[in-house]
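Chains Z and D, in that order, are what the protein sequence lines are. Position one of the first sequence corresponds to residue 1146 (this note's numbering), numbered consecutively onward. Position one of the second sequence corresponds to residue 3 (this note's numbering), numbered consecutively onward. Comments concern the structure below.
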Amino acid sequence: MRTAFSIVVLAVVAVGIGAALLAVPFGSPKTQVGDYYNEHGRAQTGAANMVTSVVVGYRAFDTLGEVTVLFVAALGLGAVLSAAGGRSGRREVQPASLVLLAGSRFLFPMITLFGAYVFLHGHLTPGGGFQGGAVVASGFLLLYLGTRGRRVNRIGSTVAESLSGLAFVVIGLIGLTVGGRYFLSNFMPTGALNTLFSAGIIPLIYIAVGFKVGSELSGVIDDLVEETA
Amino acid sequence: MIVVVASLVAVMLAAAIAALVFRDLLSSVIASCPVSLVASILFLFLQAPDVAMAEASIGAALITAVFVMAIRRTSRYEE
C-alpha cells in the first residue's frame, strides 16, 4: 500500500517537474537583468570586471550572506572537532624533508603575495576576495606541511577575521547613512575605469572578504592539523 | 582545440574512475585531485578564469588536504 502510494506521488511529482521544464524555452534569454548589467554595469559601479560589479556591486548583500555561511561553517567545524576529542597535547612529529621545507619557505611568500594581488585587483582582473583568500589559505597549508609543529597565531587570525567581517558590515552601514539609499550603497567616487583606485567601495569590501576567507580557511586547516598531529 | 578538450575530459574520467575503484582511500583521494585540476583548466577554456582560480585552490589543494587529514584520523583501507 505504502509502496503504491509513494510510486503514485513520485509519478505526479515527475510529471509536474517535467511539464514545468518543458514550458521553459531553452536557449533564449529569460530575464532582462543580464542585459541591464552588461549595459550599465561599468558606468554605475566603476568596476572593469563585470563579475565583480555584479557580485560586490549589485549583489553585495548576497556576498555578505555567503561570508556569513562560510563563517558559520568554520565555527561549526571548530566546535565539532573540539567536542569530538580532547586535545591530547602535541605529539612529537618527525620533521619534513629538506626539499619540502625549503620549497615551502620559498613558495609561501609568493603564494601569499599572489593571493593578495588577486583580492586587491578583484575589480580589475578575474578573481576577488574568495579566490584570493583561498589562495592565501593554500599557502598556509603548504607552510603547515613544510614546517611541522609550527602553528599560526590563532589570536591574530581570529582578530583579522573579526575585524574584516566587522569592516564589511560597517562599510554597509556607512553606505546606508552617508549614501542614504540602501545598505551597502556606494558612497565613494567611482574614479576612472580600469585603474587601481576606482569602483568606490568594491575594493574595500574585497580586501575585507579576502582577509576573512583567508583567515577562516587557515583556521579550518589549523583545527584539522591540530587534531591529527 | 576539441582534441585537447576531449583528452582533458578523458584524463578527468580516468581519474574519477580510479578514485572509485581504489580500495586504498589515500590513493583514492590523490586520484580525485586531478579531477578538480582538469576541471579548473576546462573552466579556463570556458572563459571563466575566476571560477578556475577557486576550483584550483579549493578543489585541488584544500579539499585534498582535508580528506588526507580525515583519513589519518580514521582508517586508511576500505572494508
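C-beta atoms are modelled at their ideal positions from N, C-alpha and C, and glycine is treated no differently.
key: Inter-residue Cα distance where the pair is Z/T1208 and D/S77   = 38 Å
query = In or out: Z/V1217 buried (at least 16 other Cβ within 10 Å) or exposed?
reply = exposed
inquiry  = Taking 8 Å as the threshold (beta carbon to beta carbon), is D/L28 in contact with chain Z?
reply    = no
key: As assigned by DSSP and simplified to three states, the class of Z/Y1203   = helix
request  = Please state if the CB of Z/G1336 and the CB of Z/F1328 are separated by a distance shorter than 8 Å.
outcome  = The answer is no: Cβ separation not under 8 Å.
query = From this set, Z/A1224, Z/G1210 and Z/V1370, which residue's C-alpha is nearest Z/F1313's C-alpha?
reply = Z/G1210
message = Pop quiz: D/P36 and D/A17 are said to be a contact at Cβ under 8 Å. What is the actual Cβ separation, rounded to whole angstroms?
response = 4 Å
Near-chain D residues of the segment 1260-1282 of chain Z - C-beta to any C-beta below 8 Å = V1263, P1271, G1272, G1273, F1275, Q1276, A1279, V1280 and A1282
message = Cutting at 8 Å between CB atoms, please list the residues of its own chain near Z/I1256, excluding the five before and the five after it.
response = V1280, V1281, S1283, G1284 and L1287
Z/A1193 and Z/H1268 closer than 8 Å at C-beta = Result yes, Cβ atoms of Z/A1193 and Z/H1268 sit closer than 8 Å.
inquiry  = What ranges does the beta strand (DSSP E) occupy inside the segment 1234-1287 of chain Z, keeping only unbroken runs of at least 3 residues that lie completely in it?
reply    = Qualifying beta strand (DSSP E) stretches: none in this window.
query = Would a check of beta-carbon distances place Z/Q1196 closer than 8 Å to chain D?
reply = A small fix is needed here, since residue 1196 of chain Z is Val in this sequence, not Gln. Z/V1196 counts as touching chain D.
key: Residues in the segment 36-60 of chain D having any Cβ partner in chain Z nearer than 7 Å   = Across the segment 36-60 of chain D, CB contacts with chain Z closer than 7 Å involve P51, D52, M55, A56, S59 and I60, in sequence order along the chain.
inquiry  = DSSP three-state label for Z/Y1289, please.
reply    = Here Z/Y1289 sits in helix by DSSP.
request  = Have a look at the DSSP bridge pairing and note the partners of D/Y79.
outcome  = D/D26
task = Take the Cβ of D/A41 as the centre, count every other Cβ of all protein chains shown within 10 Å, and call the residue buried at 16 or more, exposed below.
result = buried
message = Just to check my reading of the structure: Z/G1381 and Z/G1278 have Cβ atoms closer than 8 Å, yes? What is that Cβ distance to the nearest angstrom?
response = Past the boundaries of the shown model lies residue 1381 of chain Z; chain Z is included only from 1146 to 1374, so the question cannot be answered.
request  = Taking only beta carbons into account, state which residues of the segment 1162-1181 of chain Z come closer than 9 Å to chain D, listed in chain order.
outcome  = none
request  = Would you mind giving the Cβ-Cβ distance between Z/V1323 and Z/V1212, rounded to the nearest angstrom? I have them listed as a contact below 8 Å.
outcome  = Z/V1323 to Z/V1212, Cβ: 22 Å. No contact.
key: Z/G1172 (DSSP reduced to helix, strand or coil)   = If DSSP states are grouped into helix, strand and coil, Z/G1172 belongs with coil.
query = Distance, Cα to Cα, Z/N1339 vs Z/G1359?
reply = 26 Å
query = Along the chain, where does the alpha helix (DSSP H) that runs through D/P51 open and close?
reply = P51 to A56
request  = Answer with buried or exposed for Z/E1361, where buried requires no fewer than 16 other C-beta atoms within 10 angstroms of its C-beta.
outcome  = buried
Beta-carbon separation (whole angstroms), Z/L1265 vs Z/P1170, contact threshold 8 Å = Wrong, their Cβ atoms sit about 42 Å apart, outside the cutoff.
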